[in-house]
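Peer 1:
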Amino acid sequence: MFTRMSRWIAYPLGWLLLMVTPMLIDGVRGSAGPVSSVNQFTIRSFDAQYEARRSGPGLAIDVTERITADFPRRNTNRGIERRLDARYGDTDIRLSGFRITDPTGKRIPFTRRTESDGDIVLRIGSASSYVFGRVDYVISYTIGHAMVQAGDRQEIYLDVNGTGWQQPFDRVRATLRVAPALAGHLLGEQACYRGPAGSTTRCAIARDGSAFTTEAVTLAPRENMTIAVGFAPGTVADAVRGPMRSLGWWGAAGMPAAAAVLLALALIVRRQRLRGLLLRDDVPIRYAPPDVQPILAADFLGLPERGAAAQLTQLVLDGHATLTSEAAAIGTAPRPRGRLSRGDRDAVRADLRVQLIDRDGIDRSVAAICRSLFGDGRSIPLGGILGSDIAEASRQRQRLLLNSGLR
11 MFTRMSRWIA YPLGWLLLMV TPMLIDGVRG SAGPVSSVNQ FTIRSFDAQY EARRSGPGLA
71 IDVTERITAD FPRRNTNRGI ERRLDARYGD TDIRLSGFRI TDPTGKRIPF TRRTESDGDI
131 VLRIGSASSY VFGRVDYVIS YTIGHAMVQA GDRQEIYLDV NGTGWQQPFD RVRATLRVAP
191 ALAGHLLGEQ ACYRGPAGST TRCAIARDGS AFTTEAVTLA PRENMTIAVG FAPGTVADAV
251 RGPMRSLGWW GAAGMPAAAA VLLALALIVR RQRLRGLLLR DDVPIRYAPP DVQPILAADF
311 LGLPERGAAA QLTQLVLDGH ATLTSEAAAI GTAPRPRGRL SRGDRDAVRA DLRVQLIDRD
371 GIDRSVAAIC RSLFGDGRSI PLGGILGSDI AEASRQRQRL LLNSGLR
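Note that the sequence shown covers residues 11 to 417 in our numbering.
Laid out in structure tokens, this is it:
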């Protein structure tokens, strides 16, 4: 298809398709609800406690998450999986010290694995027993590299429950407590967001001294609550360099929209250009380089269907052939130019005759092709060239292209 279409139109169209397709696939995946019975449970509450403190030249946060899950089916679930982002941008945030218990402090078995994207997944529960009804899990760990350099300031930036869950949340609550040694560096700027990745929907966040509390209710699967608290520049010497800000869903959607606009502009410009050529009273004659015959150059330019007409024009201009018409003269006054209908094109083709008058002067590389298409010296109707002659000329052209290195 692209060989028949102007490349400056085909490339934007291909770019548009390449951008839209993965977005549609990602949208379908992201909107898909739980399909397996093991995923059909609810997180009744997710309560996260964060204790921020200095750790050497940086900042560490001790995390305690209490998760209450409600399993409605017997003999279906053995526990939960907690997926944790182990990197911020390209930087390892040093997750460590994992410990999982019930509310009484009794240890709950778990396994840990690292995904291909670097995320850490904790598979929590016994492989030999099922859970049913409401079950509480208390997860403890430490973020060893937690302060982020955000432009000219620093901040604590936390995805509380994360977007890896396939279950809905009735309530998500978070409390961040800042150690006294850090409290004097607080800027008094804090924010809370809720929703899918990239969401800008705000949620309320309250401050009480050096403690910050926020809550979100009724989060859908793969929705998250995020909190950010600002600190003065240089609060810690070792901060995580923040990644480039995401454009979000609307920004990503804007890129294929921009591609669509560019494609539309390209089509409009092309249409106006062709219209302008049709309305011109003069027709510029452009010569191909002397060492490349038009029938070969057309293929090289991705327009093989125009090669025969270009070669015939060159033969006439060089005096090797004549092109005459048997139709009655219609005068020489200028006539409005426009596209011919198919019937008009057939009529013009039937009236035109071509004759090779200087066969010896034709370039040897295309002489056989010209004889196959335009005869051996007799005047022949342009519309009467046999299909077998066209096929033979096409085979000769293919061989010539291979021998010339143009294909």
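Even for Gly, the Cβ is constructed at its ideal location relative to N, Cα and C.
Just so you know, these numbers come straight off a predicted model, no measurement behind them.
Measure from the alpha carbon of ARG363 to the alpha carbon of each residue in ALA242, THR334, SER150, then state which is nearest.
Peer 2: Checked all of ALA242, THR334, SER150; the closest Cα to ARG363 is THR334.
Peer 1: Quick check on GLN303: buried or exposed, where buried means 16 or more other Cβ atoms within 10 Å of its Cβ?
Peer 2: When all chains shown are included, GLN303 counts as buried.
Peer 1: Using 8 Å for Cβ pairs, my map puts ILE278 next to VAL376. What's the rounded Cβ distance?
Peer 2: The pair is not a contact, with the Cβ atoms about 38 Å apart (cut-off 8 Å).
Peer 1: When you compare only the Cα positions, how much space is there between VAL6 and ARG251?
Peer 2: Given that the chain is displayed from residue 11 to residue 417, the structure contains no residue 6 and the question cannot be resolved.
Peer 1: Are THR245 and PRO206 touching if we call contact CB-CB under 8 Å?
Peer 2: For THR245 and PRO206, no; Cβs fall outside 8 Å.
Peer 1: Beta strand (DSSP E) containing ARG381: first to last residue?
Peer 2: No beta strand (DSSP E) holds ARG381; the alpha helix (DSSP H) holding it covers 374 to 384.
Peer 1: If we ignore side chains and look at the alpha-carbon of each, how far apart do GLY240 and LEU311 end up?
Peer 2: Taking the straight line joining both Cα atoms gives about 58 Å.
Peer 1: Can you grab the Cα-Cα spacing for the pair PRO243 / GLN59, in whole Å?
Peer 2: Roughly 25 Å between the two C-alpha positions.
Peer 1: Does the Cβ of VAL271 have 16 or more other Cβ atoms within 10 Å, making it buried, or fewer, making it exposed?
Peer 2: Result: exposed.
Peer 1: So is PHE222 buried or exposed if we call it buried at 16+ other beta carbons inside 10 Å?
Peer 2: With 16 or more other Cβ atoms within 10 Å, it is buried.
Peer 1: Could you tell me which of ALA318, PHE179, ALA274 sits nearest to ARG381, measuring between CA atoms?
Peer 2: Taking only the C-alpha atoms, the option nearest ARG381 is ALA318.
Peer 1: CB ILE110 to CB TYR140, shorter than 8 Å?
Peer 2: Against a cut-off of 8 Å, the Cβ pair of TYR140 and ILE110 comes out as no contact.
Peer 1: Would you list the one or two residues that DSSP bridges to LEU132?
Peer 2: Note: LEU132 sits in a beta bridge opposite ARG92, ARG122.
Peer 1: Kindly list the residues whose CB is nearer than 6 Å to the CB of ILE391, restricted to its own chain and excluding five residues on each side of it in sequence; keep chain order.
Peer 2: It is Pro, not Ile, that sits at residue 391 in the sequence shown. The answer, listed in chain order, is ARG363.
Peer 1: I'd like to know whether the C-beta atoms of ILE53 and TRP175 end up nearer to each other than 8 Å.
Peer 2: In contact: ILE53 and TRP175 (Cβ atoms closer than 8 Å).
Peer 1: Rounded to whole angstroms, what's the CA-CA distance from VAL227 to ALA249? Just pull it up for me.
Peer 2: Looking at the two C-alpha atoms, the distance is approximately 32 Å.
Peer 1: Would GLY107 be called buried (16 or more neighbouring beta carbons within 10 Å of its own) or exposed?
Peer 2: Per the 10 Å Cβ criterion, exposed.
Peer 1: Which runs of the beta strand (DSSP E) spanning at least 3 residues fall entirely within the segment 147 to 190, listed in chain order?
Peer 2: If we require 3 residues or more, the beta strand (DSSP E) runs fully inside the segment 147 to 190 come out as 157 to 160, 163 to 169, 179 to 188.
Peer 1: State the DSSP-derived secondary structure class of ALA435, mapped to helix, strand or coil.
Peer 2: There is no way to answer for residue 435, as the model of the chain reaches only from 11 to 417.
Peer 1: Looking at ARG104 and ALA191, is the spacing between their C-beta atoms short of 8 Å?
Peer 2: Contact: no.
Peer 1: Nearest to VAL188 by CA position, among ILE166, ALA214, SER209, is which residue?
Peer 2: For VAL188, the nearest C-alpha among the options comes from ILE166.
Peer 1: Are there 16 or more other CB atoms within 10 angstroms of the CB of ASN413, so buried, or fewer, so exposed?
Peer 2: With fewer than 16 other Cβ atoms within 10 Å, it is exposed.
Peer 1: In angstroms, rounded to a whole number, what distance separates the CA positions of GLY394 and LEU366?
Peer 2: Near 15 Å, if we compare the C-alpha coordinates of LEU366 and GLY394.
Peer 1: Give the range of the beta strand (DSSP E) segment to which LEU311 is assigned.
Peer 2: Segment: none, LEU311 is in no beta strand (DSSP E) and carries neither H nor E.
Peer 1: Which of the three DSSP states, helix, strand or coil, is assigned to ASP57?
Peer 2: Correct three-state label for ASP57: strand.
Peer 1: Comparing C-alpha positions only, which one of ARG83, ILE134, ALA378, SER55 sits nearest to ARG93?
Peer 2: Here the closest residue by C-alpha is ILE134.
Peer 1: So does the segment 64 to 74 actually touch the segment 147 to 165, counting three or more Cβ pairs closer than 8 Å?
Peer 2: These segments touch.
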